[in-house]
Amino acid sequence: MLYKHRALIKIFYSLFIIIFIFYAFLECNSDYIKHPISIIIYIISLILIIISYFLEKKKSKNSLDENNLINNNDIKKIDHGFDGILELDNKIPKLWFKLFYITIVISIIYFYSFLFTNFANTQFEYKIAYINQLKEIKEYEKKQPQANIETVKFDEKFINDGKKLFNENCATCHNVDGGGNIGPNLTDDYWINHTEKTLIKNVFSIIWNGSKNNKVMRAFGASGEIKGNDIQKISSYIYYINKIKKKPNNPKFPEGEKIILV
């Protein structure tokens with residue numbers, strides 16, 4: 037039974053080392069586990085481990101026969117000195133030594149791979165994740181064209197996302213309720229800029245192109261700071277707080293010209 041346990045442990049840590057080397061130095065993704073070459077390596081490793089197991093079993097059996105000839109009195113005993121307990125000074129199992137040496141080797145591999153490769157480098161992992169995210173966004177934008185001044189429309193499904201984007205990008209100047217701060221009140225019918233005939237398009241145009249009459253309002257869309265679809269969401273939220281939602285309690289004084297936009 038002891039030999040079986042040793043064989044299982046050998047299989048485990050041998051395969052673990054192989055997988056670790058693949059991951060650390062080849063920088064493979066999770067698909068390498070199923071790769072045919074990886075499977076062949078696992079099978080060869082398993083065969084070598086089984087052969088090693090039988091060789092060690094034969095060697096251990098011969099060694100056991102020799103040890104049976106030795107009188108127990110010849111085995112060194114350790115006296116604890118205070119509790120009267122005697123302990124046989126047996127040798128540490130070879131498997132323990134092997135595991136200890138393996139942990140040292142893995143530690144060295146990990147240390148130098150961290151220093152001289154990109155393994156376990158958080159900055160590199162972040163960079164790769166960022167690049168992959170940009171690729172995914174680019175692919176998504178190909179399938180999902182960005183809204184523009186011609187296609188923008190109000191949709192209730194955009195309100196919640198639009199509110200989050202508004203709080204992140206607009207609330208500093210226009211207040212969280214849209215009632216105005218250093219920027220104008222967005223919940224009344226007074227407009228500093230009037231470039232479009234409908235409210236949703238007028239708001240989209242201002243966010244995209246900025247304000248000619250108020251230089252503090254920059255061109256979020258034209259500069260690429262906010263994408264067209266996100267501007268459509270913000271515009272839908274502004275349309276909502278202007279036309280549907282209850283007006284804020286302390287709105288800023290009217291600015292610009294009174295124009296009823298629908």
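For my numbering, add 36 to where a residue sits in the sequence shown, where the first one is 1. Don't be surprised by glycine CBs; every beta carbon is placed ideally from N, CA and C.
Inset, instruction - Please classify residue 271: is it buried, with 16 or more other beta-carbons within 10 angstroms of its beta-carbon, or exposed? - result: buried
Legend entry - Within the region 196 to 259, ranges of the alpha helix (DSSP H) (whole runs, at least 4 residues): With a minimum length of 4 residues, the continuous alpha helix (DSSP H) runs that stay inside the region 196 to 259 are 207 to 210, 235 to 245.
Legend entry - N- and C-terminal bounds of the alpha helix (DSSP H) containing residue 113: Not the alpha helix (DSSP H): residue 113 falls in the beta strand (DSSP E), residues 113 to 115.
Inset, instruction - Less than 8 Å between the CB atoms is what I'm expecting for residue 264 and residue 196, so what's the real figure, rounded? - result: Rounded, the Cβ-Cβ distance is 19 Å, inconsistent with contact.
Legend entry - Unbroken beta strand (DSSP E) run spanning residue 123, endpoints: For residue 123, the enclosing beta strand (DSSP E) stretches over residues 122 to 124.
Inset, instruction - Closer than 6 Å by C-beta to residue 259: which residues in its own chain qualify, once you throw out the five before and the five after it? Chain order, please. - result: none
Legend entry - Cα-Cα separation between residue 290 and residue 223, rounded to whole angstroms: 10 Å
Legend entry - Within 8 Å, strictly: CB atoms of residue 251 and residue 229: Their beta carbons are not under 8 Å apart, which means residue 251 does not touch residue 229 by this criterion.
Legend entry - residue 267 vs residue 214 beta-carbon contact at 8 Å: Result no, Cβ atoms of residue 267 and residue 214 do not sit closer than 8 Å.
Inset, instruction - Measure the CB-CB distance between residue 130 and residue 123 and report whether it falls below 8 Å. - result: no
Inset, instruction - Excluding the 5 residues preceding and the 5 following residue 242 in the sequence, name in chain order all residues of the same chain whose CB lies nearer than 7 Å to its CB. - result: Cβ-Cβ distances below 7 Å link residue 242 to 229, 253 in the same chain, with the five nearest sequence neighbours on each side left out; the list follows chain order.
Inset, instruction - Just mark residue 120 as buried or exposed, buried being the case when its beta carbon has 16 or more other beta carbons within 10 Å. - result: exposed
Legend entry - Inter-residue Cα distance where the pair is residue 151 and residue 169: 26 Å
Legend entry - Pairwise C-alpha distance: residue 172 and residue 201: 20 Å
Inset, instruction - Measure the Cβ-Cβ separation of residue 190 and residue 269 and say whether it is below 8 Å. - result: For residue 190 and residue 269, no; Cβs fall outside 8 Å.
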